[in-house]
Each structure stands twice: as C-alpha cells, then as structure tokens.
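A short write-up of the structure that comes next.
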Ligand code: C2E
Ligand code: CA
Ligand code: CA
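Now the structure itself:
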C-alpha cells in the first residue's frame with residue numbers, strides 16, 4: 061500500500077521518525093500504528109482513489125464538514141481544498157475553513173500514492189486543527205505571526221520564533237545555518253504572467269519547504285519571494301537543499317517560465333547574533349550572487365559585509381556628490397600610427413576631497429546595480445561636451461573625446477535623446493564626441509541598440525565597440541552592428557601563456573575590421589614593443605600607459621599644450 065517514502069513521511073508526521081532505525085517498520089506494524097494514531101488523535105482523515113472518489117473518511121471528517129454522505133463530503137472537500145500542484149507527491153500547508161461555529165485554521169498534509177509506473181493510485185489528506193477560533197485571541201496572534209498566502213510564519217513570526225529558540229539554545233555549542241531563498245526576477249514573473257501565477261509559485265514553494273524540512277527547523281516567508289529557514293547543523297544537508305530547490309523548480313518551471321532559484325546561507329557557530337543581523341548576513345550572501353545558473357547557493361563571508369557597506373556608502377552619497385561636483389573626468393590620450401595625439405577617452409573619477417580620488421571600478425558596478433549609473437553617465441557626457449565647446453577656440457580644436465555608455469543606460473533613459481540634446485545645447489560637432497558601447501550592452505538588446513547606433517551615426521556621431529573580444533558573441537555581433545570603430549580589449553595584450561595565440565587573434569581582428577571598413581583602437585598599450593607589433597598589424601589608434609595614465613583635465617592640457625610648453629621653454 062505504501063512506498064518507502066510514504067513510510068518515512070507518515071512516520072515523521074506521527075512523531076515516529078526518530079525511532080526509525082536500521083530495522084524498518086513492517087507494513088502491518090505501520091498500518092496498525094497509523095490506525096491507532098488516527099483513532100486516538102483529533103486528526104481528520106480522508107482518502108480518495110485515482111478519480112478523486114472518496115474511499116475512506118473518519119467520523120471527524122464528516123463532523124468537520126457537517127455532512128452525512130460520501131458524495132457531499134467529496135463535494136465540500138474539493139470546493140475547499142486548494143488543489144494546485146496536485147502533481148506534488150507530498151505537501152503540507154495551512155488553510156482556513158469557515159464552519160458553522162466560525163473560522164478555523166487547519167494544517168493539511170496530502171500524500172499522493174502512486175504505482176510503480178507513476179500513475180496516481182490514491183490521495184490521503186490528514187487535516188489537523190491548528191487554530192480553533194480565528195476571531196479569538198489565539199486567532200489574532202496566529203494572523204499576526206503568519207502569512208495568509210502560504211500559511212507559513214511571516215517576518216514577525218519568524219523573528220519571534222527564532223528569538224525564542226535562540227534564548228533557549230544560547231549556551232548550545234551547535235552551529236546553525238540561516239538560509240534565505242530568492243526567486244530570480246520574481247517581479248518580472250508577476251508582471252508577465254500575472255499576480256495569480258506569482259502567488260501560486262509562492263504557495264507551492266511554501267508547501268514544499270513545509271513538507272521537506274525537519275520539525276526543529278524554523279521557516280517562514282519574510283516578504284515577497286524571500287523565504288527564510290533556520291537549520292541546526294545536524295539537519296543541514298546541502299544535497300537535500302539542492303533537491304528541495306530542484307523540486308520547487310520542477311513544480312513551477314513550465315514552457316511559460318523557467319524558474320531560477322538562489323539561496324544565501326549564513327553559517328553561525330553560536331547563536332549570539334540577533335535575528336535581524338543573521339538575516340542581514342544571509343541577504344548579503346544572497347545579493348552577492350551574480351551567476352545566471354538555475355540553482356545557486358552563496359555562503360556568507362565577512363568580505364561580503366565590507367563590500368556591502370561600501371555599496372551602501374556609494375548609494376547613499378551618490379546624489380549629493382553629483383550635486384557637489386565631486387565627479388570629474390580624467391582624460392587618457394589616444395595616439396595615431398605616428399604616435400601623435402588625436403583624441404582622448406574620458407574616464408570618470410570620484411574626487412571626494414583634495415586627496416581622495418576613487419577609481420571607477422569602486423563605484424560604477426554599484427551604480428549599475430542600483431540603477432543610478434545613467435545619472436552619472438549623462439553628467440559625464442555633459443562634462444565632455446563642455447570641454448569640447450571650450451576647446452573649439454583653442455589648439456585642441458581637432459581632438460575628440462570618447463565617452464562610455466553603460467549597458468544599463470539604455471534601460472533608464474533615452475540615450476539618443478540625451479546625447480543629441482547635449483550636443484545641441486553646447487553646439488558641438490557630434491563627430492567630436494565618440495561613443496563607446498560595450499559588446500555586453502549590444503548583446504542585451506541587439507535590435508534596439510543597433511537601431512539606435514544607426515540613428516546616432518546618421519547624426520554624425522562616431523560609434524566604438526568597447527572591450528571587443530572580452531564578451532561571448534563578438535563576431536556575430538560585428539555582422540549586424542554598423543559601428544565605426546572596434547576597440548580591442550586590453551586582455552589581448554596582457555602577458556600570458558597564450559601570447560602567441562593572442563597575437564594571431566589581434567592580427568586577424570585588425571585585418572577583419574579593416575575589411576569591414578572599421579578603424580581599430582587598441583587599449584592597454586604599455587610598451588614600445590607592443591606599439592611596434594600593433595603598428596605592423598595595421599592598428600589605427602593606441603591608448604595606454606605607454607603614453608599616459610588617465611590624468612586630470614588640467615594635467616592633460618598642460619602636458620599636450622604647445623603654448624604651455626613653449627612658455628616653459630622661454
Ligand atoms: P574602460 O572603458 O575599458 O577604460 C579603460 C580602463 O583601462 C581605464 O581604467 C584605464 O585607466 C585603464 N587603462 C588604460 N590604459 C591602460 C594600460 O596601459 N594598462 C592598464 N593596466 N590599464 C589601462 P579606469 O579609468 O579605472 O576605468 C575602468 C572602467 O570603468 C572603464 O573601463 C569603464 O568600463 C568604466 N568607466 C570609467 N569611466 C566611466 C564612465 O564615465 N561611465 C561608465 N559607464 N563607465 C566608466
Ligand atoms: Ca571605454
Ligand atoms: Ca575598454
């Protein structure tokens with residue numbers, strides 16, 4: 061009648077799990093045990109065949125639903141029960157029932173028994189009253205501590221139960237894990253498939269968590285798609301969590317949507333931290349996940365906290381720093397084949413005070429993550445335009461300035477409108493403002509970006525593909541994107557075991573770009589030898605420490621001003 065898994069589940073349910081030893085219970089013993097348990101407890105038991113026809117119900121079931129016939133019981137029961145995800149073999153959840161003597165909360169366990177071929181044979185529901193009067197004090201407390209959607213503890217309930225557990229186990233030496241799970245792009249799923257679909261994902265996730273975890277694990281839904289679980293080390297088994305997460309995915313992933321799940325894990329050796337600190341750390345681990353894999357776990361380490369603090373500082377101070385003019389552009393020269401200055405790249409720096417200059421790698425990824433990068437980029441483009449206007453009447457009139465466009469800019473502003481607006485405002489030649497777009501930005505949305513590139517080119521801007529060769533789809537992209545310049549990633553120049561191969565690729569890319577009618581810029585040129593080699597390959601433009609690091613505008617103008625030099629000589 062039962063498969064092995066069912067023994068285990070029911071054993072767990074009626075409290076015999078711990079007595080499971082090598083000598084497993086026989087069928088007969090288990091059935092007798094179950095009968096005894098059902099008789100002596102207040103549990104409600106209903107069983108159905110594969111067509112959902114009632115095969116057994118105990119007296120408590122008829123009492124609960126206030127019916128006398130099997131047909132009525134079937135009808136009332138299936139009207140009440142939430143049967144989505146009925147393909148789950150075992151699930152457990154809470155649900156409210158409104159009987160004649162008021163609303164009550166029930167804990168429901170459902171086991172589907174299947175044949176060896178996987179065909180449904182019967183379904184058993186065990187229903188336990190957990191809050192007898194929802195409108196009374198116990199009910200109020202229940203509602204305060206529980207999430208109505210999943211029936212699990214809510215944030216308050218989870219914190220309360222963990223706090224109590226912590227007080228009891230303060231002196232215990234055992235380690236614990238706090239796990240927070242996240243459904244990737246959950247907001248998007250809601251937007252695309254509707255809230256109802258989103259809700260059913262959360263309910264199924266809640267059921268599976270409830271069904272698979274041990275009695276002494278504590279779990280709840282903190283908010284939205286974030287479920288939290290506190291597990292003593294003895295119960296923690298990464299493989300089990302992997303299977304749990306895979307089970308959730310298999311229940312929800314459909315042709316309509318492929319679900320990706322992530323978990324942040326904080327391991328603590330003692331239970332000294334308070335609950336919110338534990339959750340913060342698990343959240344930090346969760347937020348560190350960059351992988352696009354369908355299932356990813358990240359374990360907290362203290363470095364993550366340092367990074368999170370830096371990120372917080374960046375995000376908090378960004379707007380005021382922008383207003384205070386703390387962001388400056390540094391210029392790095394670009395040389396032609398004769399090593400003459402022809403233009404430069406504007407690279408942003410955060411100059412907090414006279415001494416502290418923060419490099420872009422410390423804040424650009426944070427601003428990209430927090431959707432603030434477009435504010436900074438638009439500001440940098442404007443600084444470049446201001447400089448180009450100033451240069452119009454100086455010896456630098458022929459130089460261009462190359463600016464960077466972040467992949468995320470396209471999501472948060474109309475890049476075309478902003479750039480053309482700036483050029484008009486400062487009355488500069490669009491050909492003097494080169495636009496660097498990375499391969500990644502193009503690949504995110506090739507159709508839109510390629511259309512935008514065409515419009516910008518029509519207006520006279522020069523478009524460069526930045527970091528070429530560092531992404532995954534370089535060649536295919538070159539086919540469709542009509543840029544003017546290929547800016548070859550400096551990775552090809554770095555010292556490595558594969559130098560000879562790098563050289564062959566460099567040579568081919570330069571040759572190919574030429575045949576496609578594009579110029580090539582190589583960045584990261586550090587030695588005269590590199591210059592000579594690239595020159596012999598036909599590279600058009602050179603940028604790198606060989607000529608100069610990015611320097612402040614003042615230093616750039618000083619270094620390259622003939623007037624300044626001649627004054628100095630005099
Ligand atoms: P990127 O656009 O690839 O810029 C080139 C980076 O390489 C610059 O780093 C530059 O200082 C460095 N570099 C140049 N020549 C050499 C060399 O010979 N050797 C070595 N080792 N490095 C060299 P930087 O200024 O730290 O910028 C890092 C990245 O930050 C940039 O990479 C770019 O992706 C981003 N970035 C900088 N400014 C902006 C900006 O205004 N907007 C956006 N969205 N990103 C920016
Ligand atoms: Ca660049
Ligand atoms: Ca680059």
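Numbering (our numbering), first residue to last: 61 to 630.
For glycine and all other residues, C-beta sits at the position ideal for the given N, C-alpha and C.
Which of helix, strand or coil DSSP assigns to residue 554
Residue 554 carries a coil assignment under DSSP once its states are collapsed to helix, strand and coil.
Classify residue 151 as helix, strand or coil using the three-state DSSP reduction.
The answer is strand: DSSP assigns residue 151 an E or B state.
Between 440, 609, 541, which lies nearest to residue 466 when the distance is taken from Cα to Cα?
Answer by Cα proximity: 440.
6 Å Cβ shell around residue 263 - same chain, five flanking residues per side excluded
Cβ within range, chain order: 210.
Determine the closest residue to residue 362 out of 490, 328, 353, with distance taken between C-alpha atoms.
The shortest Cα separation from residue 362 among 490, 328, 353 belongs to 328.
Please report the residue range of the alpha helix (DSSP H) in which residue 342 lies.
It spans 335-347 - the alpha helix (DSSP H) in which residue 342 sits, taken as one unbroken run.
Around the Cβ of residue 487, are there at least 16 other Cβ atoms within 10 angstroms (buried) or fewer (exposed)?
Counting Cβ neighbours within 10 Å, residue 487 comes out exposed, since fewer than 16 surround it.
Confirm, please, whether the CB-CB distance from residue 239 to residue 290 is below 9 Å.
Yes. Within cutoff.
Same chain, Cβ closer than 6 Å to residue 377, five either side skipped, listed in chain order:
Short of 6 Å from the beta carbon of residue 377, and not among the five residues preceding or following it, lies no beta carbon of its own chain.
Looking at the secondary structure, which residues open and close the alpha helix (DSSP H) in which residue 484 lies?
Counting along the chain, residue 484 sits inside the alpha helix (DSSP H) bounded by residues 475-486.
Report yes if the C-beta of residue 631 is less than 8 Å from at least one heavy atom of ligand 3; otherwise report no.
No answer is possible for residue 631: it lies beyond the span of the chain, which begins at 61 and ends at 630.
In chain order, which alpha helix (DSSP H) runs of at least 4 residues are fully inside the segment 415-475?
Note on the segment 415-475: whole alpha helix (DSSP H) runs with a minimum of 4 residues are 424-429, 433-451, 469-472, in chain order.
Report yes or no: do three or more beta-carbon pairs, one from the segment 572-590 and one from the segment 533-551, lie closer than 8 Å?
As far as the Cβ criterion goes, the segment 572-590 touches the segment 533-551, which means the pair count is three or higher.
For ligand 1, is there any heavy atom lying closer than 8 Å to the beta carbon of residue 406?
Yes, since a heavy atom of ligand 1 falls inside the 8 Å radius drawn around the Cβ of residue 406.
Can you tell me which of the three DSSP states residue 609 falls into?
DSSP places residue 609 in the coil class of the three-state scheme, outside both helix and strand.
Would you kindly work out how many angstroms separate the C-alpha atoms of residue 424 and residue 379, rounded to a whole number?
Here the alpha carbon of residue 424 sits roughly 14 Å from the alpha carbon of residue 379.
Beta strand (DSSP E) runs wholly inside the segment 208-237, at least 3 long, in chain order:
Fully enclosed beta strand (DSSP E) runs of 3 or longer: not present.
Indicate whether the contact test is met: 3 or more Cβ pairs, each with one atom in the segment 474-490 and one in the segment 524-540, closer than 8 Å.
The answer is no - the segment 524-540 does not touch the segment 474-490, with fewer than three Cβ pairs under 8 Å.
Suppose you measure from the CA of residue 178 to the CA of residue 310; what does that come to, to the nearest Å?
Residue 178 and residue 310: Cα-Cα distance of roughly 16 Å.
Residue 617, buried or exposed, once every other Cβ within 10 Å from all chains shown has been counted against 16:
Residue 617 should be labelled buried.
Alpha carbons only, please: which of 176, 284, 603, 169 is nearest the one belonging to residue 669?
Since the first and last residues shown for the chain are 61 and 630, residue 669 lies out of range.
Just the C-alpha distance for residue 113 and residue 154, rounded to the nearest angstrom, thanks.
Distance between residue 113 and residue 154, taken at the CA atoms: about 23 Å.
Please determine if the segment 337-354 and the segment 393-411 are in contact, where contact requires at least 3 C-beta pairs separated by less than 8 Å.
When Cβ pairs closer than 8 Å are counted between the two stretches, the segment 337-354 is seen not to touch the segment 393-411, the count staying below three.
How would you call residue 614, buried or exposed, if buried means at least 16 neighbouring beta carbons within 10 angstroms?
It counts as exposed.
With distances taken between CB atoms, is the gap from residue 268 to residue 246 smaller than 9 Å?
No, the pair does not count as a contact, with Cβ atoms beyond the cut-off.
Alpha carbon to alpha carbon, how far is residue 449 from residue 484? Give it in angstroms, no decimals.
A direct Cα-Cα distance of roughly 11 Å separates residue 484 from residue 449.
Where residue 266 falls, given that 16 or more other Cβ within 10 Å makes a residue buried:
Counting other Cβ atoms within 10 Å of its Cβ, residue 266 reaches 16 or more and is therefore classed as buried.
Report yes if the C-beta of residue 550 is less than 8 Å from at least one heavy atom of ligand 3; otherwise report no.
Yes, the Cβ of residue 550 comes within 8 Å of a heavy atom of ligand 3.
Of the choices 170, 249, 141, whose alpha-carbon is the least far from that of residue 158?
Closest by C-alpha distance to residue 158, out of 170, 249, 141, is 141.
Determine the DSSP secondary structure at residue 82, reduced to helix, strand or coil.
Any answer about residue 82 is weak, because its pLDDT of 44 lies below 50 and its placement is not dependable; what the coordinates show is given next. The answer is coil: DSSP assigns residue 82 none of H, G, I, E or B.
Going by beta-carbon coordinates alone, are residue 374 and residue 321 separated by less than 9 Å?
Their beta carbons are not under 9 Å apart, which means residue 374 does not touch residue 321 by this criterion.
With C-beta atoms as the reference, is residue 103 less than 9 Å away from residue 186?
When the beta-carbon positions are compared, residue 103 and residue 186 come within less than 9 Å of each other.
Rounded C-alpha distance that separates residue 76 from residue 129
For residue 76, the pLDDT reaches just 39, beneath the cut-off of 50, and the residue's location in the model is therefore unreliable, leaving the point undetermined.
Bridge partners of residue 245, per DSSP?
Residue pairing for residue 245: DSSP places it in no beta bridge.
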